[in-house]
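So in the numbering used here, spot 22 of the sequence shown is number 25, and the numbers just go up one at a time.
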Amino acid sequence: WYFVLARTYPDPYCSASKSMTCFIVDADSKGRKEWNMCQRASNTCGVSFEDVEVPLKYVLMTEGAGF
């Protein structure tokens with residue numbers, strides 16, 4: 004599972020407090036890509052999502068109320 008805080012409102016002039024949404028993404032979702040950041044001492048990686056579908060029950064707050 005991933006806890007994700009993402010910008011879900013496309014207007015770049017909208018404040019972050021009104022454009023971010025928190026949700027949970029299953030680590031086995033189609034469209035999730037992970038790459039190692041080559042740090043030997045830690046398990047650190049980058050993650051990207053492309054066309055990943057998130058069920059409504061995994062949205063933690065209403066859209067745009069991320070923080």
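A virtual CB, placed ideally from N, CA and C, is assigned to each residue, including glycine.
Item                                                                                                                                                                           : Value
Leaving aside the five residues before and after Lys-36 along the sequence, list all residues of the same chain whose C-beta is less than 6 Å from its C-beta, in chain order. : Ser-51
Give me the residue from Gly-34, Asp-14 and Met-23 with the minimum Cα distance to Leu-8.                                                                                      : Met-23
Whose CA, out of Asp-31, Ala-44, Ala-68 and Tyr-12, lies closest to the CA of Val-57?                                                                                          : Asp-31
Quick check on Phe-26: buried or exposed, where buried means 16 or more other Cβ atoms within 10 Å of its Cβ?                                                                  : buried
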